[in-house]
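Visitor: Structure incoming, see below.
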Amino acid sequence: MTATTLLAKVKARQAVVAVIGLGYVGLPLAVEKAKAGFSVVGVERNPERVAMVNRGENYIGDVVPDDLAAVVRAGKLRATQDFSVVADVDVVTICVPTPLDRNKQPDTSYIEYVVEQSLPYLHRGQLIVLESTTYPGTTEEIIQRQVEARGLVVGRDFFLAFSPERVDPGNQRYKTKNTPKVVGGVTKDCTRIAAALYEQVLEGEVFQVSSPRVAEMTKILENTFRIVNISLVNELAQLCERMGIDIWEVIEAAKTKPFGFMPFYPGPGLGGHCIPLDPFYLSWKAKEYDFSTRFIELAGQVNDDMPHHVVERSMILLNDAGKSVRKAKVLVLGVAYKRDIDDTRESPSLKVISLLCHLGADVVYHDPYVPSVTVDGTEYASRPLDEKLLRGCDLALILTDHSNVDYGLVVRGAPLVFDTRNATRSVRAPHVKRLGVGE
Ligand code: SAJ
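In terms of numbering that gives the first Met the number 0, the numbers along the sequence shown are unbroken and rise by one, the last being 438.
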């Protein structure tokens, strides 16, 4: 199939699409492609997820359950663990994790694995799009190289592009369908066909760039922008504590500037599977060019220090109340990495709990979104939030500001509150202390 025929098939929504990886990126994308009329097959390693999709059952918060059920019932979406389906599709979209290993080195093994498993089935006339956040060069150095080793030539026999995912878990306004998309192909035809695919599926703008490397770097810039600015306010929050200034009041005032400013807020550290990790893909690649990405390294250090700062401040507050952290009963409020979601990956709360336990504290938690969590091999269950629990603790530590928690109850019940998210912003009481607020 030539570029022209594949392009026509995509525009007619007759192309058959494989989405490899049905996680928080892949499943919403698969559902949107099926809703647009494409026949979609999800290739997913987790058999539970495969079975749930085929029963029309949802497991990703940002997917509308009825949408998933409807496209499965209509036969427009099915899932499998079997890579051989790649032989029968026109488009392959790869949405697999790109974590860091223990030494903060990129781990592209998921991408390499799915490409290797797909290779026997890849053939002329197919479009391959990588969506996983990664360092500039990945698409060409890993995917193009492996496929061309089979004698296929990119831009002639197959088409290859990178298009970064921009999923913001829990965002009620921007979903997969209405978030603008950046697309960069190895050749003009690659870009054109990949852009056409997203134009059939998404409402948002499809912004074409000149290469996969530009698209890969675009995503890294987006996330590096966040990690650096979050670390900036985390550093200023620590300074404000010493200077007797309220950082939250300062940020609210700075927000009145209608141009040239964007608010970021202090917190107990940086969680999620993207912001704390993705920028280090660029750090690693930059070393090949004898370049040190100092802002990213520094941002990582400042953010990594925040859980330690929170524990240090907690110890001081307990000490001021005449209590030692050893044997102190600490109630952690929130273990998800950010508000109103159930994801605990890289959550700073887990680090705080681990540090407190190593200091001999007796830690329990409440999180309405997370029924249980394991820290250092110990499983904790979320405790019901009531007066008895609050009165029974020495310190209530707010680490995630879920909207459905009654912070008035927390302030009334707990003898001491340390709030790292300004959830108690309207309260002024001697037993309530906030991160970034000096006495
Ligand atoms: N955080 C702060 N202060 C802030 C903003 C965030 O401490 O002002 C913390 C959060 O509590 C969380 C972490 O940073 O622990 C990451 O939060 P995030 O808001 O960046 O959200 P993520 O990681 O779930 O998703 C982000 C997307 N979020 C936004 O743009 C708001 C987006 O950057 C990417 O689409 C996505 O990562 C990704 O997959 O790369």
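All C-beta atoms, glycine included, are put in the ideal place defined by N, C-alpha and C.
Evaluate the contact criterion for the segment 382-400 versus the segment 317-331: three or more CB pairs, one atom per stretch, below 8 Å.
Guide: Segments in contact, yes.
Visitor: Do the CB positions of residue 345 and residue 262 come within less than 7 Å of each other?
Guide: By one-based count along the sequence shown, residue 345 stands at place 346. By one-based count along the sequence shown, residue 262 stands at place 263. For residue 345 and residue 262, no; Cβs fall outside 7 Å.
Visitor: Give me, in chain order, the residues of the same chain whose beta-carbon lies closer than 8 Å to that of residue 404; leave out the 5 immediate sequence neighbours on both sides.
Guide: Locating residue 404 in the sequence shown gives position 405, where the first residue counts as 1. Counting only Cβ-Cβ distances below 8 Å, and skipping sequence neighbours, we find 332, 333, 365, 367, 384, 422.
Visitor: Who are residue 77's beta bridge partners in DSSP?
Guide: The residue you call residue 77 lines up with position 78 of the sequence shown. Paired residues: 40.
Visitor: Need the endpoints of the beta strand (DSSP E) that residue 432 sits in, please.
Guide: As a first step, residue 432 must be located in the sequence shown, where it is residue number 433. Residues 431-433.
Visitor: Is it right to say residue 121 is buried, meaning 16 or more other beta carbons lie within 10 angstroms of its own, or is it exposed?
Guide: Indexing the sequence shown from 1 puts residue 121 at position 122. Buried: at least 16 other Cβ atoms inside 10 Å.
Visitor: Identify every run of the alpha helix (DSSP H) within the segment 208-281, keeping only runs that are complete inside it and at least 4 residues long; order them along the chain.
Guide: Correct list: 211-242, 246-253.
Visitor: Residues in the same chain with beta-carbon distance under 6 Å from residue 145, minus the five sequence neighbours each way, listed in chain order, please.
Guide: Counting from 1 along the sequence shown, the entry for residue 145 is found at position 146. Cβ within range, chain order: 114.
Visitor: What are the residues that DSSP puts in a beta bridge with residue 328?
Guide: Taking the sequence shown and counting its residues from 1, the one referred to as residue 328 is at position 329. Note: residue 328 sits in a beta bridge opposite 361.
Visitor: Nearest to residue 37 by alpha carbon, out of 43, 44, 28?
Guide: Working through the sequence shown from its first residue, we reach residue 37 at position 38. Selected option, being the one with the closest Cα: 28.
Visitor: For residue 417, which residues does DSSP report across the bridge?
Guide: As a working mapping, residue 417 is identified with position 418 in the sequence shown. Residue 417 is bridged to 396, 432.
Visitor: Do residue 279 and the ligand SAJ come close, with the Cβ less than 6 Å from some heavy atom?
Guide: Indexing the sequence shown from 1 puts residue 279 at position 280. Checking every heavy atom of the ligand SAJ against the Cβ of residue 279, none is found closer than 6 Å.
Visitor: I'd like to confirm something about residue 349: is its beta-carbon nearer than 6 Å to some heavy atom of the ligand SAJ, or not?
Guide: To locate residue 349, count along the sequence shown from 1; it is residue 350. Every heavy atom of the ligand SAJ is 6 Å or more from the Cβ of residue 349, so no.
Visitor: What does DSSP give as the partner residues of residue 125 in its beta bridges?
Guide: The residue you call residue 125 lines up with position 126 of the sequence shown. Answer by DSSP bridge pairing, in chain order: 157.
Visitor: Measure the alpha-carbon distance for residue 151 versus residue 136 and round it to whole angstroms.
Guide: Here residue 151 refers to the residue found at position 152 of the sequence shown. Here residue 136 refers to the residue found at position 137 of the sequence shown. For residue 151 and residue 136, the distance between alpha carbons rounds to 19 Å.
Visitor: Within 10 Å of its beta-carbon, does residue 237 have 16 or more other beta-carbons around it, so buried, or fewer, so exposed?
Guide: Sequence index remark: in the sequence shown, residue 237 carries index 238 (1-based). Per the 10 Å Cβ criterion, buried.
Visitor: Fully enclosed by the segment 139-183, which alpha helix (DSSP H) runs are 4 residues long or longer?
Guide: Within the segment 139-183, the complete alpha helix (DSSP H) runs of at least 4 residues are 144-147.
Visitor: Taking a contact to mean a Cβ-Cβ separation below 7 Å, would you say residue 185 touches residue 162 in this structure?
Guide: For the purposes of this step, residue 185 is taken as the residue at position 186 of the sequence shown. For the purposes of this step, residue 162 is taken as the residue at position 163 of the sequence shown. No, Cβ-Cβ distance for residue 185 and residue 162 is not below 7 Å.
Visitor: What do you reckon, is the C-beta of residue 273 under 6 Å from a heavy atom of the ligand SAJ?
Guide: Within the sequence shown, residue 273 is the residue found at index 274, counting from 1. Correct: residue 273 has its Cβ closer than 6 Å to the ligand SAJ.
Visitor: I need the straight-line Cα distance from residue 180 to residue 94, nearest angstrom please.
Guide: Translated into positions along the sequence shown, residue 180 becomes position 181. Translated into positions along the sequence shown, residue 94 becomes position 95. So the alpha carbons of these two residues sit roughly 15 Å apart.
Visitor: May I have the straight-line CA-CA distance separating residue 298 from residue 229, to the nearest angstrom?
Guide: The count along the sequence shown starts at 1 and reaches residue 298 at position 299. The count along the sequence shown starts at 1 and reaches residue 229 at position 230. Taking the straight line from one Cα to the other gives about 8 Å.
Visitor: Between 81, 3, 142, which has its C-alpha nearest residue 160's C-alpha?
Guide: Indexing the sequence shown from 1 puts residue 160 at position 161. Answer by Cα proximity: 142.
Visitor: Would you call the segment 242-253 in contact with the segment 277-286, where contact means no fewer than 3 C-beta pairs closer than 8 Å?
Guide: With a cut-off of 8 Å, the segment 277-286 and the segment 242-253 do not count as touching, because too few Cβ pairs lie within range.
Visitor: So for residue 33, helix, strand or coil by DSSP?
Guide: Counted from its first residue, the sequence shown places residue 33 at position 34. Three-state result, residue 33: helix.
Visitor: Where does residue 457 sit, in a helix, a strand or coil, going by DSSP?
Guide: The shown model of the chain, from 0 to 438, leaves out residue 457, and the question about it has no answer.
Visitor: Looking at residue 148 and residue 6, is the spacing between their C-beta atoms short of 7 Å?
Guide: By 1-based counting over the sequence shown, the position of residue 6 is 7. By 1-based counting over the sequence shown, the position of residue 148 is 149. No, these two residues do not count as a Cβ contact at 7 Å.
Visitor: Measure the CB-CB distance between residue 267 and residue 306 and report whether it falls below 7 Å.
Guide: One-based indexing of the sequence shown puts residue 267 at position 268. One-based indexing of the sequence shown puts residue 306 at position 307. Closer than 7 Å, so yes.
Visitor: Quick one: grab the DSSP three-state call for residue 135.
Guide: The residue labelled residue 135 in the question sits at position 136 within the sequence shown. Residue 135 falls in the coil class under three-state DSSP.
Visitor: Pick from 282, 202, 183: whose alpha carbon is nearest that of residue 102?
Guide: Start at 1 with the first residue of the sequence shown, and residue 102 comes out as number 103. Closest option to residue 102, Cα to Cα, is 282.
Visitor: Roughly how far, in whole angstroms, is the beta-carbon of residue 97 from the beta-carbon of residue 133, given that I think they are within contact range, below 8 Å?
Guide: To locate residue 97, count along the sequence shown from 1; it is residue 98. To locate residue 133, count along the sequence shown from 1; it is residue 134. Indeed, because the Cβ distance is near 5 Å, the residues count as touching under 8 Å.
Visitor: On the DSSP bridge assignment, give the partners of residue 446 in chain order.
Guide: The requested residue 446 is not part of the displayed model; the chain covers only 0 to 438.
Visitor: Can you list, in chain order, the residues of its chain with a C-beta nearer than 6 Å to that of residue 254? Leave out the 5 residues immediately preceding and following it.
Guide: Translated into the one-based positions of the sequence shown, residue 254 becomes position 255. Closer than 6 Å at the Cβ level, and outside the excluded window around residue 254, lie 262.
Visitor: Is the shortest distance between the beta-carbon of residue 347 and the beta-carbons of chain D less than 7 Å?
Guide: Here there is only one protein chain, and chain D is not present.
Visitor: Mapping DSSP to helix, strand and coil, what is residue 285?
Guide: Walking along the sequence shown from the start, residue 285 turns up at place 286. In this structure, residue 285 counts as helix in the three-state DSSP scheme.
Visitor: Compute the beta-carbon to beta-carbon distance between residue 17 and residue 88, rounded to the nearest angstrom, for a pair I have assumed lies under 8 Å.
Guide: Within the sequence shown, the letter at position 18 stands for residue 17. Within the sequence shown, the letter at position 89 stands for residue 88. About 4 Å separates the two Cβ atoms, so the contact holds.
Visitor: Decide if residue 272 is buried, meaning its Cβ has at least 16 other Cβ atoms within 10 Å, or exposed.
Guide: The residue labelled residue 272 in the question sits at position 273 within the sequence shown. So residue 272 ends up on the buried side.
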